[in-house]
Amino acid sequence: MTLTFREAGLAPDLIDYLAAWDLQREVHAEVVAQRTPDTVLLLEHPPVFTAGKRTRPEDRPLDPGGADVIDVDRGGQITFHGPGQLVGYPIVRLADHVKVVDYVRRVEEALIGVCADFGLATARVPGRSGVWLRADPATGREERKIAALGIRVSKGVTMHGFAINCDVDLGWYDRFVPCGISDAGVTSLSAELGRPVAVRDVLPSVRRHLDELLAWHDYDATPDYEPRPDPAKSPASVGVAVLSYPAR
Numbered sequence: 298m299t300l301t302f303r304e305a306g307l308a309p310d311l312i313d314y315l316a317a318w319d320l321q322r323e324v325h326a327e328v329v330a331q332r333t334p335d336t337v338l339l340l341e342h343p344p345v346f347t348a349g350k351r352t353r354p355e356d357r358p359l360d361p362g363g364a365d366v367i368d369v370d371r372g373g374q375i376t377f378h379g380p381g382q383l384v385g386y387p388i389v390r391l392a393d394h395v396k397v398v399d400y401v402r403r404v405e406e407a408l409i410g411v412c413a414d415f416g417l418a419t420a421r422v423p424g425r426s427g428v429w430l431r432a433d434p435a436t437g438r439e440e441r442k443i444a445a446l447g448i449r450v451s452k453g454v455t456m457h458g459f460a461i462n463c464d465v466d467l468g469w470y471d472r473f474v475p476c477g478i479s480d481a482g483v484t485s486l487s488a489e490l491g492r493p494v495a496v497r498d499v500l501p502s503v504r505r506h507l508d509e510l511l512a513w514h515d516y517d518a519t520p521d522y523e524p525r526p527d528p529a530k531s532p533a534s535v536g537v538a539v540l541s542y543p544a545r
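According to the working numbering, the sequence shown is numbered sequentially starting from 298.
As structure tokens, then:
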């Protein structure tokens with residue numbers, strides 16, 4: 298499979314979330330009809346909170362700071378998008394042998410590879426989607442997420458996708474409970490590296506790793522960190538269903 302990458306709105310020309318959602322639906326219909334090749338939309342949004350199907354009322358921002366809060370048809374909970382964050386919407390037809398969870402793991406692995414290209418060791422945390430940095434007891438730094446995922450699969454073709462924090466204003470995350478997880482933090486490439494890392498700086502790495510992982514070849518997965526409970530699930534169900542997304 299050869300991916301087509303389309304820059305759909307990068308700073309200073311940010312694309313409104315609803316406009317990008319309409320664009321996703323248009324591209325999705327074309328990919329389903331096999332009139333358009335598998336496409337990854339790469340973009341930045343103005344500040345916006347998007348609430349997936351598992352969002353709890355208590356996780357929503359009491360004061361969104363002027364940003365819209367939009368309910369969306371993807372899996373996962375509430376997250377933030379804004380300038381300085383690279384958002385990717387892979388709209389790809391899943392191969393017959395590729396299950397939804399495998400697809401999510403491949404996108405996570407691609408983002409782990411991006412972080413490694415910038416000298417950051419990251420991994421998955423079983424029970425919680427996304428890409429994480431391990432806690433550092435020596436410095437008192439908590440476990441923290443650097444990339445988030447939330448997808449939908451319809452007619453065998455994916456929608457929505459991922460967001461990796463480059464030099465986003467992390468103050469936005471103080472306004473809500475990111476992904477419903479209150480016992481961990483959120484970070485960015487710039488915050489971890491102590492230097493500015495712009496969205497455009499990561500584009501070549503993102504393209505390369507997605508090209509590799511979404512070719513559906515076998516790959517060596519990065520070892521996971523220690524599992525953590527999913528706050529949206531009861532204790533009895535923790536560890537049973539790692540990710541919840543609409544069925545194909």
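Every residue gets a Cβ at the ideal spot worked out from N, C-alpha and C, and that includes glycine.
Please say whether glutamine 382 and valine 465 have beta carbons closer to each other than 7 Å?
Taking the C-beta atoms as reference points, glutamine 382 is found nearer than 7 Å to valine 465.
Can at least three beta-carbon pairs, one atom from the segment 469-480 and one from the segment 488-501, be found at a separation below 8 Å?
no
Assigned secondary structure, proline 434 (DSSP; H/G/I helix, E/B strand, else coil)
DSSP, read as helix, strand or coil, puts proline 434 in coil.
How many Å lie between aspartate 368 and serine 485 at the Cα?
25 Å
Looking only at its own chain, which residues have a Cβ that is under 6 Å from the Cβ of valine 422, when we skip the five neighbours before and after it?
Same-chain partners within the cutoff: Trp429, Tyr522 and Arg525.
Return helix, strand or coil for proline 520, following the three-state DSSP convention.
Note: proline 520 maps to coil in three-state DSSP.
Could you round the C-beta distance between proline 358 and valine 366 to whole angstroms and report it? I think they count as a contact, below 8 Å.
7 Å
Three-state class that DSSP yields for valine 474 in the structure shown
Judged by DSSP in its simplified three-state form, valine 474 adopts coil rather than helix or strand.
Given this structure, state the Cα-to-Cα distance separating aspartate 517 from glycine 363, to the nearest angstrom.
43 Å
Continuous beta strand (DSSP E) stretch holding arginine 449: start and end:
441-451
Straight-line gap, aspartate 370 to arginine 431 (C-alpha atoms, nearest Å):
30 Å
Looking only at its chain, what residues have a beta carbon closer than 8 Å to the beta carbon of proline 532, apart from the 5 residues adjacent to it on each side?
Since pLDDT at proline 532 reaches only 41, below the 50 mark, its modelled position is unreliable, and no value is offered.
Starting from the C-beta of leucine 408, find all residues in its chain whose C-beta is less than 7 Å away, skip the five residues before and the five after it, and write them out in chain order.
Same-chain partners within the cutoff: Val428, Ala444, Phe459 and Ile461.
Cβ distance (whole Å) where tyrosine 314 is taken to contact histidine 394 below 8 Å:
Actually they do not touch by this definition, with Cβ atoms about 33 Å apart.
Local conformation of alanine 420 per DSSP, three classes
strand
Three-state secondary structure (DSSP) of tryptophan 429:
Reduced to three states, the DSSP call for tryptophan 429 is strand.
Which residues in the same chain have their Cβ closer than 8 Å to the Cβ of leucine 391, if we skip the five residues on either side of it in sequence?
The answer, listed in chain order, is Val397, Tyr400, Val450, Gly453, Val454, Thr455 and Arg545.
Looking at C-alpha atoms only, which residue of Gly437, Ile388 and Asp360 is the closest neighbour of glycine 468?
The candidate whose alpha carbon is nearest that of glycine 468 is Asp360.
Span of the beta strand (DSSP E) around histidine 394
Where histidine 394 is concerned, there is no enclosing beta strand (DSSP E), given that its DSSP letter is neither H nor E.
Extent of the continuous alpha helix (DSSP H) run through leucine 486
486-490
For valine 345: DSSP bridge partner residues:
Asp365 and His378
So, under 8 Å CB-CB, leucine 339 and alanine 317 are touching, yes? Tell me the CB distance rounded to an integer number of Å.
With a beta-carbon spacing of about 11 Å, leucine 339 and alanine 317 fall beyond the 8 Å limit used to define contacts.
Which class does alanine 512 belong to by DSSP, given the choice of helix, strand or coil?
coil
Which residues in the same chain as aspartate 546 place their Cβ atom closer than 7 Å to its Cβ, once the five residues preceding and following it in sequence are excluded?
The structure shown does not extend to residue 546, since the chain is modelled only from 298 to 545, so the question has no answer here.
Leucine 510 and arginine 403 look like a contact to me (Cβ under 8 Å); what is the Cβ gap, rounded to whole Å?
4 Å
Cβ-Cβ distance between histidine 325 and glycine 410 below 7 Å
7 Å or more divides the Cβ of histidine 325 from the Cβ of glycine 410.
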